[in-house]
Amino acid sequence: EPEVTQTPSHQVTQMGQEVILRCVPISNHLYFYWYRQILGQKVEFLVSFYNNEISEKSEIFDDQFSVERPDGSNFTLKIRSTKLEDSAMYFCASSDSQGSDEQFFGPGTRLTVL
Amino acid sequence: AQSVTQLGSHVSVSEGALVLLRCNYSSSVPPYLFWYVQYPNQGLQLLLKYTTGATLVKGINGFEAEFKKSETSFHLTKPSAHMSDAAEYFCAVSVQFSGGYNKLIFGAGTRLAVHP
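For the protein sequence lines, the chains are A and B, in the order given. For the first sequence, the numbering used here assigns the number 188 to the last residue and increments by one with no breaks. For the second sequence, the numbering used here assigns the number 220 to the last residue and increments by one with no breaks.
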């Protein structure tokens with residue numbers, strides 16, 4: 075069964091460093107998303123991506139964040155200069171249509187900023 | 105604006121007992137509603153969804169949920185809990201943007217514990 079994969083499963087970085095979180099969405103999906111879950115808190119929407127551009131982003135997704143689909147299969151989230159409060163679980167999701175259809179989630183990358 | 109409230113951050117039941125996880129939503133338009141389950145160290149897995157049509161929806165692992173518009177609720181139930189049901193459960197509502205894209209708004213989650 076097709077699934078969304080994410081690497082790495084756990085990333086530890088120093089404050090101020092750049093990190094890139096990688097996702098491989100399901101191959102025939104067209105819509106891509108990033109969510110995050112700070113420990114003990116709810117899952118929050120960060121950004122949606124379609125047709126090689128951001129379709130919507132939340133207030134969390136500031137200039138330190140960027141997304142890219144560099145090669146037609148990977149979907150990446152870059153944090154330019156990490157802060158302590160960026161420590162969270164980051165989930166990638168994809169869907170094959172907009173609206174009602176489910177979003178398929180990856181297993182997440184746990185980012186720890188020291 | 106759409107929002108989701110899950111009553112009870114922790115629910116504990118005995119094996120074989122009824123599971124009831126509560127979810128209320130706020131939406132200015134007919135909602136699309138979802139329940140996701142998260143097992144330890146895993147991602148979010150869809151249990152079931154309501155879009156249109158029958159208000160009682162059945163999902164995987166014996167779970168079902170009923171959409172009640174008058175109560176703005178979408179509670180998740182399972183007649184008989186199993187030890188393997190221990191996990192965190194998230195209710196979510198789908199929000200559509202003007203361009204037709206959607207995002208999920210999640211509730212805070214309910215951690216279900218099942219004891220022998």
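By construction, the Cβ of each residue, glycine as well, lies at the ideal position given by its N, Cα and C atoms.
- Contact of GLY211(B) with chain A is assigned, a C-beta pair being separated by under 8 Å.
- Nearest CB-CB separation between GLU130(A) and chain B: below the 8 Å threshold.
- Less than 8 Å divides the Cβ of VAL98(A) from the Cβ of THR79(A).
- Among the CB atoms of chain A, one or more fall inside 8 Å of the CB of LEU148(B).
- When the beta-carbon positions are compared, GLY180(A) and MET163(A) stay at least 8 Å from each other.
- Put simply, the CB of LEU208(B) is near chain A, with a gap under 8 Å to one of its CB atoms.
- Between GLU127(A) and TRP108(A), the alpha-carbon positions lie close to 13 Å from each other.
- For a Cβ distance threshold of 7 Å, residue set GLU176 of chain A lies close to LYS153(B), ordered along the chain.
- Counting C-beta pairs with one atom in each stretch, the stretch 185-198 of chain B and the stretch 135-144 of chain B have three or more that are closer than 8 Å, which means they touch.
- With a threshold of 16 other beta carbon atoms within 10 Å, HIS179(B) meets it and is buried.
- For PHE167(B), the nearest beta carbon of chain A is not closer than 8 Å to its own beta carbon.
- PHE165(A) is positioned such that its CB atom lies closer than 8 Å to that of GLY147(B).
- Of the residues assessed, THR159(B) falls on the exposed side of the cut-off, its CB having fewer than 16 other CB atoms within 10 angstroms.
- Annotation: the continuous beta strand (DSSP E) that includes VAL141(B) extends over 136-142.
- When beta bridges are read from the DSSP output, LYS153(B) appears opposite PHE138(B).
- Looking only at GLU119(B), ALA196(B), VAL161(B), ALA169(B), the smallest Cα-Cα distance to PRO135(B) is reached by ALA196(B).
- By the CB criterion at 8 Å, THR181(B) and LEU122(B) fall inside the cutoff.
- Of all residues in the stretch 140-151 of chain A, none is placed with a Cβ closer than 7 Å to any Cβ belonging to chain B.
- By the criterion of a C-beta distance shorter than 6 Å, PHE119(A) is surrounded in its chain by TYR109, SER132, once the five residues flanking it on both sides are discounted.
- Those residues of the stretch 157-168 of chain A placed with their C-beta closer than 7 Å to a C-beta in chain B are PHE165, ordered along the chain.
- Taken in chain order, the whole beta strand (DSSP E) runs of length 3 or more contained in the stretch 129-171 of chain A are 139-142, 149-153, 162-169.
- In this structure, the beta-carbon distance from GLY114(A) to THR156(A) does not fall below 8 Å.
- Excluding residues up to 5 positions away in sequence, SER184, ALA185 lie with their Cβ nearer than 7 Å to the Cβ of GLY120(B) in the same chain.
- Of the candidates THR156(B), VAL218(B), SER188(B), THR156(B) places its Cα closest to the Cα of LYS173(B).
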